[in-house]
Every structure is written in structure tokens, then in C-alpha cells.
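For the record, in the sequence shown the residue sitting at position 656 is 691 according to the working numbering, with numbers rising by one throughout. All C-beta atoms in this analysis are idealised placements derived from N, C-alpha and C, irrespective of residue type, glycine included. All figures in this text were calculated on a predicted structure; none of them were measured in a lab.
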Amino acid sequence: MTTAPGRRSSTFTRLLRHGFTDPSAAEQLLDLDALASVRSDPVLLEALGATADPDLALRGLVRIVEAGEEGERQVLLDTLVTAKPLRDRLLGVLGASEALGDHLARHPRDWQALVTYESADLHPGVAEFEQGLADAVDPDSLRVAYRRCLLTLAARDVCGTTGLAQTAAELADLATATLRAALAIARTAAPEDAAQCRLAVVAMGKCGGRELNYISDVDVIFVGEARDGVDETKAMQAATRLAAHMMRICSDTTVEGTIWEVDANLRPEGRNGPLVRTLSSHLAYYQRWAKTWEFQALLKARAVAGDPELGAEYVDAVSPLVWGAADRENFVPDVQKMRRRVVDNIPADRIERELKLGPGGLRDVEFAVQLLQLVHGRSDASLHSGSTLEALRALAEGGYVGRADAAQLDEAYRFLRSMEHRIQLYRLRRTHLVPEDEADLRRLGRSLGMRTDPVAELNKAWKRHASVVRRLHEKIFYRPLLDAVAQLAPGESRLSAKAAAIRLEALGYADPAAALRHLEALSSGVTRKAAIQRTLLPVLLGWFADSADPDAGLLGFRKVSDALGKTPWYLRLLRDEGAAAENLARVLSAGRLAPDLLMRAPEAVAILGDPEGLTPRTREHLEQEVLAAVGRAGDAESAVAVVRGVRRRELFRTTAADLIGSYGTEDSPAEQDHGALVDRVGSAVTDLNAATIAGALRAAVRERWGDTLPTRFAVIGMGRFGGHELSYGSDADVLFVHQPREGVSDEEAGRAANAVVGEMRRLLQLPTADPPLLIDADLRPEGRTGPMVRTLKSYEAYYRRWSLVWESQALLRAEHMAGDAELGRAFAELVDPLRYPMEGLGEDAVREIRRLKARMESERMPRGADPTLHAKLGRGGLSDVEWTVQLIQMQHGWAEPGLRTTRTREALAAACAAGLIPAEEAQTLDEAWVLAARVRNAVMLVRGRPGDTFPSDARELAAVGRYLGYEPGHVGDMLDDYRRITRRARAVVEERFYGAAG
36 MTTAPGRRSS TFTRLLRHGF TDPSAAEQLL DLDALASVRS DPVLLEALGA
86 TADPDLALRG LVRIVEAGEE GERQVLLDTL VTAKPLRDRL LGVLGASEAL
136 GDHLARHPRD WQALVTYESA DLHPGVAEFE QGLADAVDPD SLRVAYRRCL
186 LTLAARDVCG TTGLAQTAAE LADLATATLR AALAIARTAA PEDAAQCRLA
236 VVAMGKCGGR ELNYISDVDV IFVGEARDGV DETKAMQAAT RLAAHMMRIC
286 SDTTVEGTIW EVDANLRPEG RNGPLVRTLS SHLAYYQRWA KTWEFQALLK
336 ARAVAGDPEL GAEYVDAVSP LVWGAADREN FVPDVQKMRR RVVDNIPADR
386 IERELKLGPG GLRDVEFAVQ LLQLVHGRSD ASLHSGSTLE ALRALAEGGY
436 VGRADAAQLD EAYRFLRSME HRIQLYRLRR THLVPEDEAD LRRLGRSLGM
486 RTDPVAELNK AWKRHASVVR RLHEKIFYRP LLDAVAQLAP GESRLSAKAA
536 AIRLEALGYA DPAAALRHLE ALSSGVTRKA AIQRTLLPVL LGWFADSADP
586 DAGLLGFRKV SDALGKTPWY LRLLRDEGAA AENLARVLSA GRLAPDLLMR
636 APEAVAILGD PEGLTPRTRE HLEQEVLAAV GRAGDAESAV AVVRGVRRRE
686 LFRTTAADLI GSYGTEDSPA EQDHGALVDR VGSAVTDLNA ATIAGALRAA
736 VRERWGDTLP TRFAVIGMGR FGGHELSYGS DADVLFVHQP REGVSDEEAG
786 RAANAVVGEM RRLLQLPTAD PPLLIDADLR PEGRTGPMVR TLKSYEAYYR
836 RWSLVWESQA LLRAEHMAGD AELGRAFAEL VDPLRYPMEG LGEDAVREIR
886 RLKARMESER MPRGADPTLH AKLGRGGLSD VEWTVQLIQM QHGWAEPGLR
936 TTRTREALAA ACAAGLIPAE EAQTLDEAWV LAARVRNAVM LVRGRPGDTF
986 PSDARELAAV GRYLGYEPGH VGDMLDDYRR ITRRARAVVE ERFYGAAG
């Protein structure tokens, strides 16, 4: 077949037209003597061109022909061109599976298994596969027989004789026959063990559900019993040896390769539990120790090998436990946990290629279907199926899933499973990754019937189906809940009110009846608002259910909707801003504080749709807005009403950012730097309160004196306010300082300063819808008995003559917050020698500080409070860390400029940098302080009122846990971690604070 140089042969052109990607190599193969009798037969070329990979199919054919005996080669080739069934089957397999091509090259006579075309051959069951494996007497012969059976199965699949569900069922039936054959070989090898025990093999997972992949671990559970007269211990040992040998026969790699792994890790206690248990031992475990996921796995349990009666007894015994799982105590948090996508352990560079575990993957469909089966299967036996597709159909027929949603999921699942099958069939390797190589993608696309532009068509179809799954896998939980309260067309199935309540309860709703009423109110009617909310609610309900208080989330959404539902921008925000809807769901269902702030002015929901909306405003920006508002107001009360409205809006912004940062969203993970979260809240609330006080000060001055007060006036922040460490419920600790203006008497200046203080406090505590800001001046000289405001000279005289060590310690937090900045700086210069005494503290002063701390621990701890869980005064809590850091500041601040800060974490870091505390101890104190601060923030966010201890209410405690990053059902771990972290911090405090003075 030679041609002139530079010209392509007609064969080359024909090969190109028939889909060969390397026509030159194909032409050389066709020129081989082995194919001389068929090389010019147009039927062969046409058949090769119809395969997924014509080049691969031709190479495989050449290998089989060359490996065959002389007389058998022509028989194969003659049959190939005369018998279309064989031609389609053999070349179809060779074009789709390199691994089966290798098998045929090693066993060239096995092509004859593809010749028969009887009706039984089209739909074989376990019996037919057992017959195909009957001659296998050792692991190698079993592998060869298994591949021969697999060859016929794959041929029916690639030729389209069987669909996905039938192929998956046949693979499971072949696995069943293989397990039986392997067990028979193991019994033959150890007849004395076989004589001592009854052993049943129960298939789990995809094998149990008769929906197996080409290459997948075959999940099993072994059940054993002693035969009459045999000691149970010896019988279990014998059964274990048989089971282990059976597993090795299937899993080991020999010259004939391997079959698949047999995985028994779904057994009670997993790898740590015995391989074989008696039926009573299984039941005892399931009744006492099993978790929800184990009952989910048992959905697919099916006896497949060994003692059939024992296997049936096992399945019958566990079935009531499976369908009663929804009544178990931890079912709801377990469901919440299982519903989260299992993508954390997938490398970032692979997640987009994951067919099984990635977003919109097979696991999403399977988990959703299984969980709905668990929820509703206790009262509806029609849902008791191990097959995903059969269960999905039953869920649709029962009204548990919308018919249109079920149809779309069915189509998507079949397509994704077909992709998975073809990917695995190529090399018979266990993988769920879509290939990256162009040739692999082309073969995959062609194997699924895409011929015009296989790669582009494949990617488009794959992304479309994955998008459907991603969109629907959560909605199928919730859309039927809307149908349950809607008017449906005649003939449409609906979820009954009882079934809807059961589902809501299983998803964490404490009051399903109220939830259904809210759904009806939100979704009924023909308005644009109702239409948008019907679209949004299935997604929102999922986000609510992902929180600790779904009921509050749904109620809050109804209130916001009632308030803003007729506002065009609100509906547009929810419809068009994907992040806004999710952010709103997180904020409404995480506790009381943020929803309470939002309900007072629902238009603040716009913050959630702005990309920069969750970023705290700077103090300069806030003061500018506040002072401008005061300037426009007619009187002090209306001015401060506006100021407090700004504070409420900004508090909402801060709480929303904190909640969303702590919870994370589908597109952005939770913030891992918890210290940064605490610092952002502390700084934001401090700046906000400082701006609010500045506004109240300006309003009080303007009302009586116009633009200029007779005395210069400054507000000094103290405590957490001065330290930029305010939590949501903190008061603002302050000192007031003034300096009479030139020509103003001390008496007039004093009266003006006191009047301003009184008016500021009154204005900030007026009863309104906005949260008050309480100003606490109890840290002033002489405490509550001393004057509310002093001149700079008065402070100087007091501190020079009367100052106590605790007052010097309190002044570590003193920082100017509002009013005359120059006066604030002068105050700081005045108190610096007290808070950072030259050469540090004397021994008497250190003893006094320790005495005060010990007294506070014994006297101020609330009666009945658990000292190991009190965030402020408890062991290793805020007070312990702060007093330790402050002692270091007072001892060394005169020499170390980095210690001259009002902020605890900054001072601790400076002490570590200066070598005053080892890095490990500094880290221990910092971790405890951040955790205790977050607990206080969490309590305020969840309960809507401040608190220093973990809530006693179970739902509130769970909400605190979610904020702190703990999964549902892990509040015990949260409390244990808190105690452990603060215990370690207390050990450092004992050494650094109560230890040596230096």
C-alpha cells in the first residue's frame, strides 16, 4: 500500500474520516500480514470507526490476532467480518477498555465468549455468572474467569444492549457470584474451619444496592455462628480465617492482576472491631453504640454469600433498627453533619474533576436520597430500596420529592454514573476523576455517543448535569415542603402535612407546625414577592437547617419579608445577589442579637448584598457621619436618636460580619484566625462607641452652649473600651477630664462640664428602639463617691497624693476617645509615670496586686458558677490573662516601649518579643484569652444579652458551639477544649503572676 512521496493514500484519508487520530500508525497496522485477509474490508473500517477509540480498538485487535494460534486467527477474522454482533461487541470493548484488551491478548480464545447472542446472555443473573465462574479452583483461575464474565458484561454495556441501571445490577450480580466462588475456594482450602462455623457475607454499599461500578471496593459485613456442639470462640476464629482468606482471594494481586478490594470497614467498630461477629453481637452494638451513618450504610445491606438463612436473619434483624433511626436522640445533628458536602479532604487541584465527592457529584444525589429514605421510610415501606434510582422513583411517587426534580436528578445521576463507568472501564482502575488529557476526554465523549466535537460536548453535558445536582440536591429536601402548603394541579402528588412535619423535625425544626405556617404565608399568592420567595425558600430552608436554630431563622425571614416585601430593591437583592440570601440566612438563624438589630431597621439588610458591606467603618468615617447628622438635627434628642440609629446599623454590620466569618459560606470558608475575628469585633465596637459618644457630646454642647463649651472637655476610655476589646454587651468605662478656657472661672467650667456629662448620659439612655450605650465612670478617683468630672490639675493632685496601685493598673487602659484630643494627650502624659513606673514595681506593690486578684477570684465569682467555664473570672479566663499581662506592663513598661499599649494581645506579643515570657507560654495565654473573648461574644450573639458563662439551654449551647466552629453534636468537645485550654493558661498564670516577683 505504497504512495508517492508527499501524497496521502486513500486509506489514510478514509482512516481520518472514520475517527482515527493517528492514521499513519493505523495504516501500518492494517498493512501487517496478520490482517491481510480483512484489511480492505469496508465493514471492518466502518466498525472500528464506530468505537470510542478506533486507534485503541485496532491495536487491541492486532494483539489478539497475533497472540492466537495459527488456525484460530482466520476463524476470528472471518467471524469478525461476517457476524455483526461479535464485531460490534469485540471492537466496542477494545475501543473502550485497554485493560480488557490486555486480557484478550493474554487469553486470545476468550473472544469466543462474545459470539453467543442468546436471550439469557442479554440479561444474565447471579446463576449465569456462577456458571461462568464454575471452573475456577484457585485465585488465578478465578481472576481469568471473572474477566471473561466482565468482558461479556462490558460488551453489552458499550453496545447499548443494557442501560446504566442494568449494567450496575449485573456488576453487583457478578460480584455476588465472585464472592461465593472465593468463599468456596477458601472453604476447600480449610475444610476443618468450614465444618466449625456458619458464615454469611452481607453486601453493603453499591454492591448491596445492586448498583456497583466496574472497579469499586466491595463493602461487606461478616456474620458468623457456631455449628451445633462447637465452642463459639473457636467457631468465630474459624469464621474469621475463612473470611480473611476470602478477602485475600479477591483483593490480592497475582500474575492475572486483581479483582477488587473487599472492604469490611463498615462493620461495628470499623477496623478496630472483630472481622466476624455473631448476630447477637451485631445487634447489641447497633442497639447501643451505632451512629446514624451506620444505619444509613445498612440501608443497602443484602445477604449475598455463605449461609443464606443466617444472612437473611441478619438483614431481617437490622431492618427495624434502620427504619427507626430517625427516632434516635442524635439523628438531627447527625443529619446536619452528613448533609454537608464531603470535600474537605479533596486536594484543590482535583476537586473540579471529582465525579463522586465534588460539588454536584454523585455523593450529593446518593446522600440526599438516603437521608430522605431514613426520614420517611419508617412510615412508608415503599421507600425500602437499596438502589438509588429505585428509591428516587419511590420518593417521587410518594410525593416526598417533586416529580420534575426527581426526573432531573435521575437523568443527571445516570449521566454521571455512565461517565464514571466509562472512565473506570478504560484501565479497570478505581477512580472518580475526570481525565485531563485530550485523548482520554475524546474517548470518554465518544463512548457516550458524542461524535461531532466529543470533548466540548462532554464538558458541556458534564457541567450541565453537575449544575443540576448542585442546584437540586438541597432543594429536594425543601421544595416538597412548599408543595405541602400550596395549591397543586390535579393528579400531582404532595407531601402530607404529617410527612412535612416529620421532615422538618428531622432537619432540626423544633416547631414544625409553626414552620409550615410560615412557609404558607411566605409562598402563597400570585404576587412577584411570593414567586421569588417560592424560588428562594428551598435554598434558605437548607441554610436555616444548617444552623443551631432553624425555627428562628425562618421566623426572622418572615418578619423581614413582611417589613420589606413590597420594596423593589429588597426582592431584587435576594433574587440577584446570591451572597445576600445566604448571608441573610446565616444572620437570621445564628442567635437573637443580629436579628433583633435588623428588625429595628430591616433596610439594613442591604448591607448583606454589598461586597464591601461587611467591612467595618473606620472611626474617622463614623465620626464624620455622626457629627454631620448632629449638625442637621433640630435638637439634642433628635440628634442623638440619629446617632443611636447609626450605632445600631453599625452594630448589625459588625455582628453580621462576625457571624458570617465564623460560620463561613458556600463560597468562602470560615475564618481560621480566631484572634483576628476577636480583634475586628473589639476594634469595630470600640470605634463605634467612641463615635457615638462624640456625637452625644456634640449634641449636648450645641443644645446649650452652641459651638463652644466654656471648658475644654475630653472623654478617656478605660477598661475594655480603652483597650479596644469591647464585646457586644460591654458598657463603656470612661473618665471625664476638663480644662477651663481662658477667662472662664473654675466654678463655671465645672458646672458646664458636669452638665455635659449628665446630658450625655441621659441622651444615650433614652428609651428608644435602639440599644442604649451605658457609660460607666466608676473607675474615676474616689470611685462612686468622687466627682464625676475633674480638671487635669485635680487628677494630677489626686494621683500624686492618694493614688492606689489598682488605680495605676486601671490606667494601663486609659486612652482618649472623644472630645479635645490635645487634652486627651495631656492626660496620657500625666498618667504615664503611674502606669509605667520607673524601675518597675516594688515588692509591696506586686504583693498588693496579687492580693487584690486573689480577693477578686474569691468574692466576685457568681455563686453557683463553674469556675472552669466562667469566661471572665474563671480559671485561665480573661481576668487571669489580663492581670498577668498588666503586671508585666507595670514592671517593664518603663524600659520596653512595645509594652506601652492599652491592648492585651499587643502587650503580650511585645512581652514575648522582649524575652519577658517564653513564646510557648505567650501562645497559651493568647489562645485562652481569644477563646474566652469569643465565648462572651457568642453568648451575646446567641442570647441577645451579655453573659460570661456557657448557656444552660441545649439549643443555645449548640448555637455557641456552631459559632466557635464545632459541628452539631459536639458541645461536649467544645466544653472539654475550653477547660483544657484555660487549664493550661492558668498554669502559666500561676507561674508568671503568682510566682517570682521579677
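Between the options, which has its C-alpha nearest residue i's C-alpha?
| i | options | result |
| --- | --- | --- |
| Gln443 | Ala238, Ile511, Asp811, Ala963 | Ile511 |
| Leu904 | Lys828, Asp915, Asp983 | Asp983 |
| Leu608 | Gly198, Ala274, Asp145, Glu638 | Glu638 |
| Glu647 | Arg635, Ala664, Ala615, Arg667 | Ala615 |
| Val236 | Val253, Arg388, Arg776, Tyr249 | Val253 |
| Lys241 | Pro745, Leu483, Leu206, Glu883 | Leu206 |
| Glu883 | Trp918, Ser482, Leu111, Thr721 | Trp918 |
| Val400 | Asp440, Glu364, Arg363 | Asp440 |
| Gln459 | Glu1025, Asp766, Leu476 | Leu476 |
| Arg478 | Ala880, Thr56, Phe257 | Thr56 |
| Ala278 | Pro159, Ala229, Val265, Arg323 | Ala229 |
| Gly346 | Gly259, Val410, Thr275 | Gly259 |
| Thr689 | Asp702, Phe47, Val716, Gly669 | Val716 |
| Asp586 | Arg627, Arg183, Ser558, Ile256 | Arg627 |
Whose C-beta lies closer than 6 Å to the C-beta of residue i among residues of the same chain, with five residues either side of it excluded?
| i | result |
| --- | --- |
| Trp358 | Gly412, Arg413 |
| Gly730 | Val661, Val665, Val678 |
| Tyr321 | Leu356 |
| Gly243 | Lys335, Ala336, Arg337, Gly421 |
| Glu540 | Pro547 |
| Glu658 | Ala726, Ala729 |
| Arg49 | none |
| Arg1034 | Because the chain here runs from 36 to 1033, residue 1034 falls outside it and cannot be looked at. |
| Phe592 | Leu623 |
| Leu181 | The amino acid occupying residue 181 in the given sequence is Tyr; Leu does not appear at that position. Within the same chain, Tyr181 has close Cβ partners Thr213, Ile294. |
Please go through the same chain and pick out, in chain order, the residues whose beta-carbon is closer than 8 Å to the beta-carbon of residue i, but skip the five residues on each side of it.
| i | result |
| --- | --- |
| Phe771 | Phe748, Ala749, Val750, Ile751, Ala788, Val792, Ala812, Arg815, Met823, Val824, Arg825 |
| Leu64 | Leu70, Leu93, Arg94, Val97 |
| Ala845 | Met753, Gly754, Leu814 |
| Glu165 | Ala212, Arg215, Ala216 |
| Leu606 | Arg563, Lys564, Ile567, Gly600 |
| Asp901 | Gly909, Thr984 |
Taking residue i as part of the beta strand (DSSP E), name the residues at either end of that continuous run.
| i | result |
| --- | --- |
| Cys232 | 232-238 |
| Gln774 | 767-775 |
| Ala338 | 337-341 |
| Thr254 | Note on identity: in this sequence residue 254 is Asp, with Thr being the wrong assignment. Per DSSP, Asp254 belongs to the beta strand (DSSP E) from 253-261. |
| Val824 | 824-826 |
For the alpha helix (DSSP H) that residue i lies in, which residues bound it at each end?
| i | result |
| --- | --- |
| Glu101 | 89-102 |
| Leu657 | 654-667 |
| Asp192 | 174-193 |
| Arg486 | Careful: Arg486 lies outside any alpha helix (DSSP H) and carries neither H nor E. |
| Phe330 | 327-333 |
| Ala790 | 781-799 |
| Ile284 | 267-286 |
| Asp137 | 133-141 |
Can you round the beta-carbon distance between residue i and residue j to whole angstroms, since I take them to be within the 8 Å contact cut?
| i | j | result |
| --- | --- | --- |
| Ala217 | Ile284 | 4 Å |
| Leu409 | Ala352 | Between Ala352 and Leu409 the Cβ distance is about 18 Å, and since that is not below 8 Å, they are no contact. |
With a threshold of 7 Å on Cβ separation, who are the neighbours of residue i within its own chain once the five nearest residues in sequence on each side are excluded?
| i | result |
| --- | --- |
| Lys594 | Met634 |
| Ala224 | His280 |
| Ser838 | Leu869 |
| Gly1030 | none |
| Leu247 | Ala203, Leu206, Ala207, Ala210, Lys241 |
Taking 6 Å as the cut-off, is the C-beta of residue i nearer than that to any heavy atom in the ligand MG?
| i | result |
| --- | --- |
| Ile728 | The ligand content of the structure shown is nil, which means the ligand MG is not present either. |
Secondary structure, alpha helix (DSSP H): runs of 4+ residues fully inside the segment 846-890: Counting whole runs of 4 or more residues, the segment 846-890 contains the alpha helix (DSSP H) stretches 856-870.
At what residue ranges does the segment 558-619 contain a whole run of the alpha helix (DSSP H), taking only runs of 4 or more? Segments of the alpha helix (DSSP H) lying fully in the segment 558-619: 563-580, 585-599, 603-611.
Ignoring anything shorter than 3 residues or poking outside the segment 692-760, list the beta strand (DSSP E) runs there in chain order. Counting only runs of 3 or more, we get 746-752.
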